[in-house]
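Visitor: Chains as they are written, first to last, in my numbering: chain A, 1 to 78; chain B, 1 to 188. All C-beta atoms in this analysis are idealised placements derived from N, C-alpha and C, irrespective of residue type, glycine included.
1) How far does the alpha helix (DSSP H) with residue 165 of chain B in it extend, from its first residue to its last?
2) Tell me whether residue 5 of chain A is buried or exposed, calling it buried when 16 or more other Cβ atoms sit within 10 Å of its Cβ.
3) Please compile the residues from chain B whose C-beta is within a distance smaller than 7 Å of the C-beta of residue 36 of chain A.
4) Please determine if the stretch 113-130 of chain B and the stretch 15-24 of chain B are in contact, where contact requires at least 3 C-beta pairs separated by less than 8 Å.
5) Could you check if residue 151 of chain A is buried or exposed, using at least 16 other CB atoms within 10 Å of its CB as the buried criterion?
6) Between which residues of its own chain and residue 77 of chain B is the CB-CB distance below 6 Å, once the five residues before and five after are set aside?
7) Mapping DSSP to helix, strand and coil, what is residue 34 of chain B?
8) Taking Cβ positions, are residue 79 of chain A and residue 12 of chain A nearer each other than 8 Å?
9) Using three-state DSSP, classify residue 70 of chain A as helix, strand or coil.
10) Kindly provide the ranges of any alpha helix (DSSP H) runs that are 4 or more residues long and lie completely inside the stretch 21-66 of chain A, ordered along the chain.
11) Which same chain residues end up closer than 8 Å to residue 61 of chain A when comparing Cβ atoms and leaving out the 5 residues on each side of it in sequence?
12) Please tell me whether residue 11 of chain B has its Cβ less than 8 Å away from any Cβ of chain A.
13) Please classify residue 69 of chain B: does DSSP put it in a helix, a strand, or coil?
14) Work out the CA separation of residue 41 of chain A and residue 187 of chain B for me, nearest whole Å.
15) What residues in its chain sit with their C-beta under 7 Å from that of residue 70 of chain B, if we drop five residues either side in the sequence?
16) With distances taken from CA atoms, which of B:147, B:65, B:172 is nearest residue 157 of chain B?
17) Under three-state DSSP, which class holds residue 132 of chain B?
18) May I ask you to list the residues that DSSP assigns as paired with residue 53 of chain B?
19) Tell me, which residues are paired with residue 149 of chain B by DSSP?
20) In chain A, which residues lie with their C-beta within 8 Å of the C-beta of residue 177 of chain B?
21) According to DSSP, is residue 39 of chain B part of a helix, a strand, or is it coil?
22) Counting only Cβ pairs nearer than 9 Å, list the residues of chain A close to residue 131 of chain B.
23) Check whether chain A comes within 8 Å of residue 108 of chain B, counting only Cβ atoms and requiring the distance to be less than that.
24) If you measure from the beta carbon of residue 50 of chain A to each beta carbon in chain B, is any gap under 8 Å?
25) In whole angstroms, what is the alpha-carbon distance linking residue 52 of chain A and residue 43 of chain A?
26) For residue 126 of chain B, which of B:114, B:139, B:112, B:151 has the nearest alpha-carbon?
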């Protein structure tokens with residue numbers, strides 16, 4: 001599912017060069033606030049989780065998004 | 001139609017909101033860029049100016065805390081030609097954080113599903129457009145640029161006139177619903 005998310009994230013970002021999982025979304029990729037929101041919404045749809053608003057201040061990379069979503073999904077699965 | 005998102009919801013503005021709205025719109029940081037174009041509205045006439053020409057206006061509030069974080073409005077509706085203006089502002093501590101933008105998305109759903117509006121226009125100073133430049137050319141169409149239109153941070157900067165077309169917005173919403181439905185049929 002992580003690979004599926006990365007594919008979608010790259011489609012959302014639509015950059016000419018491939019965005020890597022550890023690239024800093026704002027500093028390296030130049031993502032704007034709307035793209036960050038779209039990336040989170042896509043992760044929420046895929047992993048069936050909801051990111052808390054305060055987490056937006058902490059996420060830096062696609063790995064941050066995936067790691068939080070996987071952990072939250074595992075917690076919900078019990 | 002949903003007026004509740006994952007982290008925010010839209011709610012009616014009551015007279016109890018006027019104080020924080022006044023503090024927001026009439027603050028030195030916001031006053032030059034929002035509806036009053038730098039001219040301080042007298043507090044006793046603020047309510048009139050808040051609703052002047054408005055067809056829909058809501059507070060955007062956090063679902064986690066119920067705190068109002070901003071306001072969004074459609075105004076200057078031209079029924080003959082099917083367009084209106086879009087305006088919105090967030091409290092400074094909620095700017096550039098991503099998640100509050102969902103409130104604008106909910107509002108666009110509401111406006112396009114409620115009124116026969118073909119497109120919504122907005123004006124945005126070039127430096128402020130950075131927060132959503134990815135939508136230029138897709139959701140938002142840049143229809144013009146007013147050169148050196150606004151004085152900002154020590155210089156005159158351009159103002160972009162952007163439009164959000166009804167068909168584009170509704171198509172985007174439909175694609176999103178299909179994507180979610182597709183995923184719901186795949187076990188996590």
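Guide: According to the structure data:
1) Residue 165 of chain B -> not in any alpha helix (DSSP H); beta strand (DSSP E) instead, spanning 155-165.
2) Buried: at least 16 other Cβ atoms inside 10 Å.
3) The contacting residues are 98.
4) Taking 8 Å as the limit for Cβ pairs, the verdict is that the stretch 15-24 of chain B does not touch the stretch 113-130 of chain B.
5) Given a span of 1 to 78 for chain A in the structure shown, any question on residue 151 of chain A remains unanswerable.
6) So the list reads 55, 84, once near-sequence residues are dropped.
7) Three-state result, residue 34 of chain B: coil.
8) Given a span of 1 to 78 for chain A in the structure shown, any question on residue 79 of chain A remains unanswerable.
9) Helix, per DSSP.
10) The qualifying runs are 33-47.
11) Answer for residue 61 of chain A: 21, 22, 23, 24, 25, listed in chain order.
12) Output row for residue 11 of chain B: interface = no.
13) Residue 69 of chain B carries a strand assignment under DSSP once its states are collapsed to helix, strand and coil.
14) Only weak support is given to the placement of residue 187 of chain B: the predicted model assigns it a pLDDT of 45, under 50, and the question is left unresolved by the model.
15) Within the same chain, 60, 88, 89, 90, 91, 94, 100, 103 come within 7 Å of residue 70 of chain B by CB-CB distance, once the 5 residues on both sides are set aside.
16) Comparing Cα-Cα distances from residue 157 of chain B to each of B:147, B:65, B:172, the minimum goes to B:147.
17) Correct three-state label for residue 132 of chain B: helix.
18) Its beta-bridge partners do not exist; DSSP assigns none.
19) BP columns for residue 149 of chain B are empty, so no partner.
20) For residue 177 of chain B, no chain A residue has a C-beta closer than 8 Å to its own C-beta; the minimum C-beta separation is roughly 10 Å.
21) Three-state result, residue 39 of chain B: coil.
22) Proximity of chain A to residue 131 of chain B at the Cβ level (cut-off 9 Å) is accounted for by 32, 33, 34, in chain order.
23) By this cut-off, residue 108 of chain B is not an interface position.
24) By this cut-off, residue 50 of chain A is an interface position.
25) Their Cα atoms are separated by approximately 13 Å.
26) Distances from the CA of residue 126 of chain B to each of B:114, B:139, B:112, B:151 were compared; the closest alpha carbon is that of B:151.
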